[in-house]
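Remarks on the structure that follows.
So this is what it looks like as structure tokens:
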């Protein structure tokens, strides 16, 4: 979208997605998400976990030009010891300190282990001037919101933008509902989410983001999974999360810019490992071969970026 229609086109896409999601909510389409089988849901969360490791392990190792590395590239490198020369051991230390802190303090649910570990690693790395990739190397962290405005698209491009946005709206809605269901599975003793209300919230959020020239938003398992694994017990945690995130960005942007990328990668690697449901796959493979196949197909589709195809094939199975 950005390449074809520019920043204004992305903002306009947010508005279109928001209106479509509100329409889906009012039509009651969100309830269809409840018919997704457990095996497909487990495959989805497993695929998300593997994909997370796929993107974060190179960050944890501190490889230069990290975006060019994937798990298959790392696997092919392992038989040649030269790859060790490319590892940034300061980055590895940063990530492992965070990862071990989260795992070691897991039983103390009231201790914000992730925040403390990332804060300590950031302070030490800045104080001793470690040469590691930091958040600011990705891009500037702005501390102010852009002025609200309605994006204007030329009439001859409007239909093309609409056609390009429709699949994105469906995918964003589907991923949000699947993520909400996955979180319900993590906390089965809590009241389940309301799918149509979820779509309404996502729609209003996308509409607001479009007015401020942002990117389309969707519910994701990773962030919600961090919330649950950190001890969140109700919906107030999501609201507090948003308020804290906005407040921190507006007041502590320079400090956030100094966080080592590997420290965040250490946190996300732990989350990724916890999302992978190997036990569920092994149990299904012993009892329900077809459901195990549905699990595998959905996971592979999620990992390879063909989420919709994987879900459809998993549902068919």
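Residue numbers (this note's numbering): 3 to 319. Beta carbons are placed, not taken as given, at the ideal position from N, Cα and C, and that holds for glycine.
Exposure of residue i, with buried meaning 16 or more beta-carbon neighbours within 10 Å
i           : result
residue 53  : buried
residue 306 : exposed
residue 204 : buried
residue 208 : buried
residue 253 : exposed
residue 46  : buried
residue 151 : exposed
residue 282 : buried
residue 28  : exposed
residue 153 : buried
residue 235 : exposed
residue 284 : exposed
residue 308 : exposed
residue 195 : buried
residue 19  : buried
residue 26  : buried
residue 149 : exposed
Distance cut-off 6 Å: residue i Cβ against heavy atoms of the ligand FAD
i           : result
residue 272 : Ligands in the displayed structure: none, and consequently the ligand FAD is not present.
Rounded straight-line distance, which links the Cα of residue j to that of residue i
i           : j           : result
residue 69  : residue 49  : Low local confidence applies: a pLDDT of 43 at residue 69 is under 50, so the model's placement there is unreliable, with the coordinate-based value given in what follows. So the two alpha carbons sit approximately 19 Å from each other.
residue 166 : residue 158 : 14 Å
residue 267 : residue 124 : 13 Å
residue 255 : residue 317 : 44 Å
residue 225 : residue 58  : 14 Å
residue 132 : residue 93  : 9 Å
residue 312 : residue 296 : 9 Å
residue 142 : residue 11  : 22 Å
residue 298 : residue 279 : 11 Å
residue 288 : residue 294 : 9 Å
residue 110 : residue 17  : 42 Å
residue 265 : residue 145 : 22 Å
residue 303 : residue 130 : 43 Å
residue 62  : residue 116 : 15 Å
residue 5   : residue 107 : 44 Å
residue 103 : residue 30  : 43 Å
residue 229 : residue 192 : 14 Å
residue 8   : residue 182 : 31 Å
residue 334 : residue 128 : The shown model of the chain, from 3 to 319, leaves out residue 334, and the question about it has no answer.
residue 97  : residue 237 : 29 Å
residue 162 : residue 221 : 26 Å
residue 64  : residue 219 : 28 Å
residue 2   : residue 3   : Nothing can be reported for residue 2, as the shown portion of the chain is limited to 3 through 319.
First through last residue of the alpha helix (DSSP H) which encompasses residue i
i           : result
residue 306 : Per DSSP, residue 306 belongs to no alpha helix (DSSP H) and is neither H nor E.
residue 94  : 91 to 106
residue 256 : 255 to 259
residue 200 : 197 to 213
residue 277 : 263 to 277
residue 147 : Where residue 147 is concerned, there is no enclosing alpha helix (DSSP H), given that its DSSP letter is neither H nor E.
residue 7   : 4 to 28
residue 290 : From DSSP, residue 290 is part of no alpha helix (DSSP H); its letter is neither H nor E.
residue 157 : 157 to 188
residue 55  : 40 to 63
residue 121 : 115 to 129
residue 228 : 223 to 231
Residue from the options with nearest C-alpha to residue i
i           : options               : result
residue 147 : 210, 198 and 161      : 210
residue 95  : 111, 135 and 110      : 135
residue 276 : 89, 231 and 290       : 231
residue 1   : 168, 100, 177 and 169 : Residue coverage of the chain in this structure runs from 3 to 319, which leaves residue 1 outside it and unanswerable.
residue 179 : 6, 200 and 103        : 200
residue 56  : 270, 263, 181 and 191 : 270
residue 1   : 206, 182 and 263      : Outside the shown range of the chain, which is 3 to 319, sits residue 1, and nothing can be said about it.
residue 90  : 60, 113, 112 and 114  : 60
residue 263 : 14, 137 and 34        : 137
residue 160 : 33, 310, 13 and 315   : 13
residue 15  : 300, 227 and 155      : 155
Should the region 239 to 250 be regarded as contacting the region 120 to 129, the criterion being three or more beta carbon pairs within less than 8 Å? no
The region 207 to 218 touching the region 251 to 271, judged by at least three CB pairs closer than 8 Å: These segments do not touch.
Would the region 237 to 246 and the region 173 to 190 be scored as touching if the rule is three or more Cβ pairs under 8 Å? no
Whether or not the region 35 to 46 and the region 176 to 188 are in contact is what I'm after, with contact meaning three or more pairs of Cβ atoms, one per stretch, closer than 8 Å; do they touch? yes
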